[in-house]
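Counted from 1, the sequence shown has number 460 at position 461 by numbering that gives the first Met the number 0; the numbering is strictly sequential.
Before any comments, here is the structure.
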Amino acid sequence: MTSPGDVILGASLPFHGSTSGTPCSGSFSRWANELAALFLFAIEQINNRADLLPNVTIGYDIRDNCYSETLSLWTAFSLASTSEKPQEDVQFPKISPPNNGSLLCIIGTQTSSTTIPTAQAASLYRVPVISPFATSNELSDKRRFPYFLRTVPPDSLQATAIADILLRFGWNCPDNAIVHDNMCQQCPEGEWPEDSFTACRVIIPTPPSWSEPTVIAILILSAFGLVLSLLAAFGIYYYRGHVLIKAASRELSIINILGLTLAFLAPFPLLVPPTAVSCRASEIIVALCFTLTYAPTLLKVNRIYRIFNAGKKSNKRPRYIGPKVQLIFALGIVALTVVVAMAGTIANPTLPAKLYFYPRRNYIEVFCQFGNGFLASLVSNLLLVLACCYYAFKARKVPSNYNESKFIAISVYSTLVFGMAAVPVYITAATVLQKVATLCVAILLNAFLTLFCVYLPKLYAIQLARDVQVSEWKVRDDVTGTTAVSSASSTIKVQPVSDNYRK
């Protein structure tokens with residue numbers, strides 16, 4: 000589209016697109032047609048007014064660049080060569096003769112990629128190029144583009160302006176983004192923009208807060224459990240001569256109580272701000288508290304089962320049921336677990352880890368992430384619990400008044416239930432507090448069940464009169480010289496304790 004005039008305003012607009020590499024093969028652009036209409040309307044308004052550019056008629060020459068850099072370059076040459084401006088250094092041939100008038104400037108183009116070749120070609124003829132759309136920072140280099148102007152701010156100023164507007168009105172920029180080197184850029188993981196949105200700062204990880212109601216409840220339960228464990232340990236020692244305490248194996252009971260005490264202490268290193276030391280301590284304490292609890296429990300229930308099972312078949316006393324032998328077995332299992340836990344800690348230790356949230360926010364959490372080495376001690380403890388379940392089930396038919404295995408069964412069955420519930424919750428938990436609280440609650444509930452099912456009923460029976468059935472093993476030598484063992488059960492009245500039971 001052309002119209003003669005005293006001066007000519009050129010325009011390079013994308014009336015057609017380019018498809019499959021063929022220039023100008025696309026559909027007609029309604030948007031470019033509207034731009035051309037606005038261009039013509041503005042020229043017409045100026046030409047119709049006597050107070051603007053009197054005695055000067057503005058003509059126009061509008062050409063199609065088809066969104067092509069090559070055609071934009073050719074369009075710029077054909078328009079700029081009509082200019083009557085003298086060249087200082089080199090004379091360039093005129094591609095299009097100035098039939099309609101002398102070219103004043105070129106308006107366009109629609110993108111930075113097409114404007115760059117347009118401005119370079121026009122600068123050879125000293126023809127200005129004015130773009131309302133090209134925002135590339137490259138075009139701000141006046142040494143390369145001395146005749147380029149634009150009515151839109153460059154990208155660098157736009158990014159700064161956007162950041163200023165967001166700060167001024169308190170709006171949100173994409174999340175976790177800053178203005179860096181005149182561009183909007185996202186902060187790396189674990190960092191967040193400063194208030195000025197010009198630099199990223201490291202996010203300080205947040206551990207579980209001790210002011211959280213859940214944490215407070217866990218700490219109260221831990222303290223209460225510690226008190227009960229100490230009372231149970233004191234009661235077992237104080238009434239160590241009582242028939243009920245003797246029947247429960249005092250030595251194994253003390254080891255068991257030590258494991259329960261460690262279980263009630265386990266939440267504290269899990270809730271402190273994680274460090275390499277606290278995380279490794281947590282791994283060892285969690286592994287050891289289960290071993291100290293279930294190693295003596297396994298020996299107890301195994302002893303009960305073998306005693307009554309042997310009594311059905313013969314009068315021989317089962318081997319390895321004495322307190323010293325049982326204590327050696329228990330300490331051996333504990334020592335093995337300590338070696339496994341230490342080896343796992345050295346090979347693949349539990350260390351502090353960060354928990355990130357998506358979409359990103361100015362908050363990350365830190366917790367102790369159990370390493371693969373913890374699996375070894377976890378499997379060994381699981382085998383202990385399963386063995387306890389097996390012997391508790393086998394001993395379910397022994398005399399009920401004597402039978403401690405029923406209480407042990409309740410404890411170990413509940414442990415399996417808690418474990419099956421806690422593991423998936425811990426793995427899928429969305430926050431650190433959920434992970435830590437799940438683990439702590441599972442440990443505490445297991446310890447409380449053992450206390451309430453195994454030890455507190457005995458201490459309660461010692462303090463109050465109760466009918467209990469006790470079995471006594473009698474060893475005798477028959478005429479053949481063979482040692483025979485027989486058992487006799489009787490019901491006795493357990494009276495309130497006296498000094499005789501404390502010896």
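Ideal Cβ placement from N, Cα and C applies to all residues, glycine included.
A quick note: this is a predicted structure, and the numbers were derived from the prediction, not measured.
For the beta strand (DSSP E) containing residue i, list its first residue and its last residue.
i: Trp191; result: Glu190 to Pro192
i: Gln109; result: Element bounds for Gln109: n/a, residue is neither H nor E.
i: Leu12; result: Val6 to Leu12
i: Phe366; result: Glu364 to Gln368
i: Phe451; result: Looking at the DSSP string, Phe451 is not in any beta strand (DSSP E), and its letter there is neither H nor E.
i: Gly58; result: Ile57 to Asp63
i: Ile129; result: Val128 to Ser130
Where do the ends of the alpha helix (DSSP H) carrying residue i lie?
i: Arg360; result: Taken as a continuous stretch (DSSP letters only), Arg360 belongs to no alpha helix (DSSP H), as it is neither H nor E.
i: Pro351; result: Note, Pro351: premise wrong, no alpha helix (DSSP H); beta strand (DSSP E) at Leu350 to Leu354.
i: Arg249; result: Arg249 to Leu264
i: Asp163; result: Asp154 to Phe168
i: Ile327; result: Pro322 to Ala346
i: Val242; result: Val242 to Ala246
i: Arg29; result: Arg29 to Asn46
Comparing alpha-carbon positions, which option in the options lies nearest residue i?
i: Ala420; options: Ile442, Asn46 and Ile409; result: Ile442
i: Glu364; options: Ala286, Ala280, Thr430 and Val422; result: Thr430
i: Arg239; options: Val6, Asp5 and Lys457; result: Lys457
i: Pro295; options: Ala286, Leu270, Ala265 and Ile253; result: Ile253
i: Arg167; options: His15, Leu72 and Ser195; result: Ser195
i: Phe223; options: Leu8, Phe263 and Val384; result: Phe263
i: Glu33; options: Pro13, Ser24 and Cys387; result: Pro13
i: Phe132; options: Glu43, Thr150, Pro145 and Asp140; result: Thr150
i: Tyr355; options: Ala286, Leu270 and Gly189; result: Gly189
i: Leu382; options: Ser71, Leu72 and Leu297; result: Leu297
i: Ile202; options: Asn361, Thr437 and Ala446; result: Asn361
i: Thr21; options: Ile115, Leu70 and Asn371; result: Leu70
i: Lys353; options: Pro423, Lys299 and Thr274; result: Thr274
i: Asn371; options: Ala386, Arg359 and Thr344; result: Thr344
i: Met341; options: Ile426, Lys315 and Glu282; result: Glu282
i: Ala158; options: Asp140, Leu165, Cys183 and Leu148; result: Cys183
i: Phe369; options: Thr349, Thr74 and Cys387; result: Thr349
i: Cys387; options: Val424, Asn301, Leu251 and Thr197; result: Asn301
i: Ala346; options: Ile327, Arg279 and Leu330; result: Arg279
i: Lys141; options: Ser155, Asp154 and Ser122; result: Ser122
i: Leu102; options: Ile61, Ser130, Thr114 and Leu227; result: Ile61
i: Cys367; options: Ala334, Leu438, Arg359 and Pro358; result: Leu438
i: Pro146; options: Ile164, Asp154, Ile115 and Leu165; result: For clarity, residue 146 is Tyr in the given sequence; the question names Pro instead. Checked all of Ile164, Asp154, Ile115 and Leu165; the closest Cα to Tyr146 is Ile115.
i: Phe417; options: Ala408, Ile426 and Val440; result: Val440
i: Leu444; options: Pro266, Phe328 and Lys299; result: Pro266
Hey, residue i and residue j are a contact pair by Cβ (cut 8 Å); roughly how many whole angstroms apart?
i: Ala10; j: Gly107; result: 6 Å
i: Ser77; j: Ser111; result: Wrong, their Cβ atoms sit about 21 Å apart, outside the cutoff.
i: Cys104; j: Asp63; result: At roughly 18 Å, the Cβ-Cβ gap does not stay under 8 Å, so Cys104 and Asp63 are not in contact.
i: Leu72; j: Thr18; result: That belief does not hold up - the Cβ atoms of Leu72 and Thr18 are roughly 20 Å apart, past 8 Å.
i: Ile235; j: Ile244; result: 6 Å
i: Ile306; j: Pro317; result: 6 Å
i: Leu259; j: Ala446; result: 5 Å
Short of 6 Å in beta carbon distance, which residues of its chain neighbour residue i, apart from the five on each side in sequence? Order them along the chain.
i: Val453; result: Phe406
i: Arg249; result: Arg239
i: Ser410; result: Leu448, Thr449 and Cys452
i: Val384; result: Tyr293, Val411 and Thr414
i: Gln119; result: none
i: Phe144; result: Ala118 and Leu138
i: Pro423; result: none
i: Ala232; result: Ile256
i: Ala428; result: Lys434
Got a sec? Which residues, its chain only, sit under 7 Å from residue i by beta carbon, not counting five neighbours each side?
i: Thr479; result: Residue placement at Thr479 is flagged as unreliable, the pLDDT there being 46, under the threshold of 50; the coordinate-derived value follows with that caveat. Cβ within range, chain order: n/a, list empty.
i: Pro192; result: Asn175, Ala176, Ile177, Cys186 and Cys199
i: Ala436; result: Thr213 and Ile217
i: Asp5; result: Val55, Thr56 and Gly100
i: Pro207; result: Val214, Leu270, Val431, Leu432 and Val435
i: Pro204; result: Lys353, Ile363, Glu364 and Val365
i: Val339; result: Ala375, Ser376 and Ser379
i: Leu261; result: Ile284, Leu287, Cys288 and Leu291
i: Arg44; result: Position check: residue 44 holds Gln in this sequence, whereas Arg was assumed. None.
Taking 6 Å as the line, does the beta carbon of residue i fall inside it for any heavy atom of the ligand NAD?
i: Thr274; result: Of ligands this structure carries none, so the ligand NAD is not represented either.
Keeping to the same chain, check which residues put their C-beta closer than 8 Å to that of residue i; ignore five residues upstream and five downstream.
i: Ser26; result: His15 and Gly16
i: Asn380; result: Ala286, Phe289, Thr290, Tyr293 and Thr336
i: Pro152; result: Thr134 and Ala160
Worksheet item: Is the number of C-beta pairs between the region 39–56 and the region 66–85 that are closer than 8 Å three or more?
Response: no
Worksheet item: Touching or not, the region 68–83 and the region 44–51, by the rule of three or more beta carbon pairs under 8 Å?
Response: At 8 Å Cβ cutoff, the stretches do not touch.
Worksheet item: Between the region 373–380 and the region 318–325, are three or more C-beta pairs nearer than 8 Å?
Response: no
Practice prompt. Give a yes or no on contact between the region 208–219 and the region 265–279, applying the rule of three or more CB pairs nearer than 8 Å.
Written response: yes
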